[in-house]
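Every position in the sequence shown, counted from 1, becomes a number in the working numbering once 6 is added.
Built from N, CA and C at the ideal position, the CB exists for glycine as well.
Inspection log for the structure reproduced underneath, given as structure tokens.
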Amino acid sequence: MKLEPERDGPVLSRVFDAYGWSPLQVRYIRGVLRVDTGDGVYSLKKSSAEPDHLSFLHEVFTKLRESGYDQVLPLEKTKSGDPFVKEEGGCWYAHPWYGEAAGRGDEVPPEKLIRDLARFHKLCEPLTAGRGKPDSPAVTAGLSRKKKAQEQLKQWRNAVSEREFASPFEKAFLSHGEDIEKTASFAIQGLEKVGRSNGGKVPRITLIHGHLHPQNLLVGKEGWRWIDFDHAEAGSPVVDVAMFLRRFVPFDGDEVVDPFALLEEYQTENPLKEKERKLLALHLAYPEPVIRTVSAYYNHPTGMEESSAVQRLEEELDRLRLFKGWVRTVWNTGKTSGRKKMASREAAAAVRSRSKKN
């Protein structure tokens, strides 16, 4: 939650007092306050999360750490023993300052990270029991947003096709536009179909981060830590898995990690059910990173250079092609798991070949 000096400045003294702090130094870094009290250094963040959610996170993190899972940071307690400070306009919570934010996400081997994510999901499953909303069909959550984005994609494509002169980015987008739209339609229709069955409920519920990204990963001397669980919720683990495979596997080097080899690593700790694999396939089929790239190009034209925009689009298209091959095999029940693995290896090899040529 963005800090506003005029509004939040006067509140800080009360927050510091609630924690019993007399700060020697306070700095604003990466959207949080770095507070050095002399006795310790803390990250203090203002959040829009509800108090009961932060209390729940505190309970979960405490139990995780008691079970030996140290990849989450404990919430610092106030003088009154609360894991947050409630003030007008939001809640404030703190945890020990740790490491540095990951840059690309490859500072830690992805095999270790995804096994750790699987362990997190497995440990949180019994802790999240009863937290799901029975009146909210989790499978179709966010579907209206996906449909709006798909419609916007069509509008951009139609506008480009009518222009006499198109930029290099627009030419690349236009050449793949139809395929992108078909992939989006497949994912949306598939989610709608799954949503109509079993009352729209996902096969299993656990605590999911919901916003996995290298910026939400801290790397320090004692390993890595996941942060920013403000909007974590009860949901299907495949939501996090899909985000991980999209955001923690770089596609701009000579070597491209096979994301489905990483999926097998995940399943050594937390095997996915067949219905979950199909649901994961639908999440991966939806071209969200491609749509996000096109949106950034048109809505924030000064945000990146033309060549960088083209490169980013091509990387995301490569990633989408790689996912597409695996999606087909998952939804074709006649294929064997051996063929699925072969398809993913062949797709990864093709992407590596294109990467070296570029």
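Discussion item. In chain order, what are the residue ranges of uninterrupted alpha helix (DSSP H) at least 4 long that sit wholly in the segment 265 to 332?
Written reply: List check, alpha helix (DSSP H) in window: 265 to 275, 280 to 291 and 294 to 305.
Item to complete: Measure from the alpha carbon of G37 to the alpha carbon of each residue in F329, A107, W230 and L288, then state which is nearest.
Response: As a working note, residue 37 is residue 31 in the sequence shown. With distances taken between Cα atoms, G37 lies closest to A107.
Item to complete: Report yes if the CB atom of G226 is closer than 8 Å to the CB atom of Y99, and no otherwise.
Response: Counting from one through the sequence shown, the residue named residue 226 turns up at place 220. Counting from one through the sequence shown, the residue named residue 99 turns up at place 93. It is not a contact, given that the beta carbons lie outside the stated cut-off.
Practice prompt. Please list, in chain order, all residues of the same chain as K1 whose beta carbon is under 7 Å from its beta carbon, the five residues on each side excluded.
Written response: Coverage of the chain is limited to positions 7 through 364, which leaves residue 1 absent and any answer about it impossible.
Discussion item. Between which residues of its own chain and R33 is the CB-CB distance below 6 Å, once the five residues before and five after are set aside?
Written reply: Counted from its first residue, the sequence shown places residue 33 at position 27. Hits under 6 Å: R40.
Worksheet item: How should I35 be labelled, buried or exposed, when 16 other C-beta atoms within 10 angstroms of its C-beta is the threshold for buried?
Response: Locating residue 35 in the sequence shown gives position 29, counting from the first residue. So I35 ends up on the exposed side.
Worksheet item: Beta-carbon separation of E282 and T212 under 8 Å?
Response: Looking up residue 282 in the sequence shown gives position 276. Looking up residue 212 in the sequence shown gives position 206. No. Outside cutoff.
Worksheet item: Does DSSP put W162 in a helix, a strand or coil?
Response: What you label residue 162 is simply residue 156 of the sequence shown in a count that begins at 1. Here W162 sits in helix by DSSP.
Worksheet item: Looking only at C-alpha atoms, which of P57, D246, G205 and T335 sits nearest to E94?
Response: Residue numbering aside, residue 94 sits at position 88 when the sequence shown is read from its first letter. Measuring from the Cα of E94, the nearest candidate turns out to be P57.
Worksheet item: What number of angstroms, rounded off, separates the C-alpha of D324 from the C-alpha of E117?
Response: Translated into positions along the sequence shown, residue 324 becomes position 318. Translated into positions along the sequence shown, residue 117 becomes position 111. So the two alpha carbons sit approximately 21 Å from each other.
Practice prompt. Would you identify the three-state DSSP class for A24, choosing helix, strand or coil?
Written response: Against the sequence shown, residue 24 aligns to sequence position 18. Residue state, collapsed to three classes: helix.
Practice prompt. Provide the residue span of the alpha helix (DSSP H) that contains S191, from first to last.
Written response: Locating residue 191 in the sequence shown gives position 185, counting from the first residue. That run of the alpha helix (DSSP H) goes P174 to R202.
Worksheet item: Where does the unbroken beta strand (DSSP E) through R102 begin, and where does it stop?
Response: One-based indexing of the sequence shown puts residue 102 at position 96. Looking at the sequence itself, residue 102 is Pro, so the reference to Arg does not match. Note, P102: beta strand (DSSP E), G96 to P102.
Discussion item. Less than 8 Å between the beta carbons of R125 and E275, yes or no?
Written reply: Start at 1 with the first residue of the sequence shown, and residue 125 comes out as number 119. Start at 1 with the first residue of the sequence shown, and residue 275 comes out as number 269. Contact: yes.
Worksheet item: Can you name, in chain order, every residue of its own chain whose Cβ lies under 6 Å from the Cβ of L288, other than the five neighbours on each side?
Response: If you number the sequence shown from 1, residue 288 lands on position 282. Same-chain partners within the cutoff: A193, G196 and L197.
Worksheet item: For R163, is the classification buried or exposed, using 16 other Cβ atoms within 10 angstroms of its Cβ as the cut-off for buried?
Response: Taking the first residue of the sequence shown as position 1, residue 163 is located at position 157. Label assigned to R163: buried.
Practice prompt. Give the single residue among D246, Q317 and P102 whose Cα lies nearest to the Cα of L290.
Written response: Counting from one through the sequence shown, the residue named residue 290 turns up at place 284. Checking every option, the nearest Cα to that of L290 belongs to D246.
Practice prompt. Taking all protein chains shown into account, decide if F171 is buried (16 or more other Cβ within 10 angstroms of its Cβ) or exposed.
Written response: Your numbering for residue 171 matches position 165 in the sequence shown. Counting other Cβ atoms within 10 Å of its Cβ, F171 stays below 16 and is therefore classed as exposed.
Worksheet item: In the structure shown, what three-state DSSP assignment does G15 receive?
Response: Translated into positions along the sequence shown, residue 15 becomes position 9. Note: G15 maps to helix in three-state DSSP.
Item to complete: Drop a sphere of 10 angstroms on the beta-carbon of T299, count the other beta-carbons inside from all chains shown, and report buried for 16 or more, exposed for fewer.
Response: Here residue 299 is taken as the residue at index 293 of the sequence shown, counted from 1. Counting Cβ neighbours within 10 Å, T299 comes out buried, since at least 16 surround it.
Worksheet item: G229 by DSSP, collapsed to three states: which one?
Response: Against the sequence shown, residue 229 aligns to sequence position 223. G229 falls in the strand class under three-state DSSP.
Fill in: Span of the alpha helix (DSSP H) around A240
Translated into the one-based positions of the sequence shown, residue 240 becomes position 234. Unbroken run through A240 is the beta strand (DSSP E), E239 to G241; no alpha helix (DSSP H).
Worksheet item: What first and last residue would you give for the beta strand (DSSP E) that runs through S73?
Response: Along the sequence shown, one-based indexing puts residue 73 at 67. Looking at the DSSP string, S73 is not in any beta strand (DSSP E), and its letter there is neither H nor E.
Worksheet entry | For I214, the residue or residues it bridges with in DSSP | If you number the sequence shown from 1, residue 214 lands on position 208. DSSP output for I214 lists E239 as bridge partner(s).
Worksheet entry | Closest by C-alpha distance to A147, when choosing among A155, K160, G241 and Q317 | Stepping through the sequence shown from its first residue, residue 147 is reached at position 141. Nearest option by C-alpha distance: G241.
Worksheet item: L129 to I214, Cα distance in whole Å?
Response: Reading the sequence shown from its first residue, position 123 is the one you call residue 129. Reading the sequence shown from its first residue, position 208 is the one you call residue 214. Going from the Cα of L129 to the Cα of I214 covers about 11 Å.
Worksheet item: Between the segment 199 to 210 and the segment 74 to 91, are three or more C-beta pairs nearer than 8 Å?
Response: The answer is no - the segment 74 to 91 does not touch the segment 199 to 210, with fewer than three Cβ pairs under 8 Å.
Discussion item. With a threshold of 6 Å on Cβ separation, who are the neighbours of D42 within its own chain once the five nearest residues in sequence on each side are excluded?
Written reply: Locating residue 42 in the sequence shown gives position 36, where the first residue counts as 1. So the list reads L30 and Q31, once near-sequence residues are dropped.
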